[in-house]
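Structure first, then comments.
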Amino acid sequence: MFDPTQLTTDALVSHLEINYQRSYGNENQAAIALIGRIARQVLGILSASDAPYHTVEHTMLVTWVGQVILHGKQVRDRNVTAQDWLNFTVALLCHDIGYVRGVCRDDRCAAHRYVTGTTTTPVLLKPGCTDASLRPFHVDRSQRFVIEHLNHDALIDTAAVNEMIELTRFPIPSGARYLDTLSYGGLCRAADLLGQLSDRHYLQKLPALFQEFAETGMNQQLGYQHVDDLRASYPHFFWDIVYPYTHESEFYLRATPAGQKLLLASMPICVLYIGSSRKKLW
């Protein structure tokens, strides 16, 4: 039976393995096998999620963009170690795994009770909700997943992985910790944001994103009454929220042809206001 998700998973795994070998050779077969195993495990879990927007495709896009950024950093700085590459790639793959019900050991799906990752008290979800209901807890749950499932792998620094995942929180928290844009955590966040904006189908996916916001009440928090509000706020979202946390990653994106293409892919959607008049283009 034709399975497009399996095909794209195979393609991404092959892409990751080639990227690792391009930079570090093929001597460390354990690392190459490990990244393939983790990618297949995580993407397989995400493919079963019923979250409307934060799907397996989203994680694939974020991982691909992160690889482009990482390649640019290697070209520019020449200081990306094999350990750095592995930790960063695992963080990209796992940053949204916490959305999925049942991924944490203490999740009790039959009772609709799920680990929050921050307290010992589980959250009770109403029957009929989607995985998007775990949005308020998904970063902490993703970090819990990393500890529970990857802590035994000596090749992975799970503390470093979880620090990178920490910086993908949205809305972005205040504090000096979250102002960092050039650490691996900051670049992981840039990949998360640009992975969405470089998606040629992003605007078509806004109804799914609004559905997720509405499921947790975040639409009210952000002032969105319907999907048109989300669409109309897009220029503000890019220039005032996304750009300050992604523009420094452009230094690495511009270092490679793939990065330059990615920037071009995201900008036609983003540049929606012209000059001081900020005239809307659509």
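Using our numbering, the first residue of the sequence shown is number 138, and each one after it goes up by one.
No residue lacks a Cβ here, since even glycine has one placed at the ideal position from N, Cα and C.
Whole angstroms are fine: how far does the CA of E385 sit from the CA of D268? Position 131 of the sequence shown, counted from the start, is the residue given in the question as residue 268. Position 248 of the sequence shown, counted from the start, is the residue given in the question as residue 385. Between D268 and E385, the alpha-carbon positions lie close to 32 Å from each other.
Consult DSSP for Y236 and reduce its assignment to one of helix, strand or coil. If you number the sequence shown from 1, residue 236 lands on position 99. DSSP places Y236 in helix when its eight states are reduced to three.
So, helix, strand or coil for R215, using DSSP? For the purposes of this step, residue 215 is taken as residue 78 along the sequence shown, with counting starting at 1. In this structure, R215 counts as coil in the three-state DSSP scheme.
So F225 and G254 are in contact, right, with Cβ under 8 Å, and what is the actual spacing, rounded? In the sequence shown, the residue the question calls residue 225 occupies position 88. In the sequence shown, the residue the question calls residue 254 occupies position 117. Actually they do not touch by this definition, with Cβ atoms about 21 Å apart.
Name the residue from L144, Q341, H208 and M138 whose alpha carbon lies nearest to the alpha carbon of Y161. Locating residue 161 in the sequence shown gives position 24, counting from the first residue. Nearest C-alpha to Y161: H208.
Span separating the alpha-carbon of R272 from that of Q358: Against the sequence shown, residue 272 aligns to sequence position 135. Against the sequence shown, residue 358 aligns to sequence position 221. Distance between the alpha carbons of R272 and Q358 is about 14 Å.
Simplified DSSP state of V319, which is helix, strand or coil: Taking the first residue of the sequence shown as position 1, residue 319 is located at position 182. It is Leu, not Val, that sits at residue 319 in the sequence shown. Three-state DSSP puts L319 in coil, outside helix and strand.
Entirely within the stretch 258 to 323 and at least 4 residues each: give me those alpha helix (DSSP H) ranges in chain order. Those alpha helix (DSSP H) runs which fall completely within the stretch 258 to 323 and span 4+ residues are 275 to 287 and 295 to 303.
When DSSP labels each residue in this structure, what does Y251 get in the three-state scheme? Your numbering for residue 251 matches position 114 in the sequence shown. Strand.
Reference E303, options A395, K398, C231 and S403, closest by Cα: In the sequence shown, counting from the first residue as 1, residue 303 sits at position 166. Here the closest residue by C-alpha is C231.
Taking the alpha carbon of H152 as the reference point, which residue from G235, A185, M138 and L198 has its own alpha carbon closest? Residue 152 sits at position 15 when you count from the first residue of the sequence shown. That would be L198, whose Cα lies nearest to the Cα of H152.
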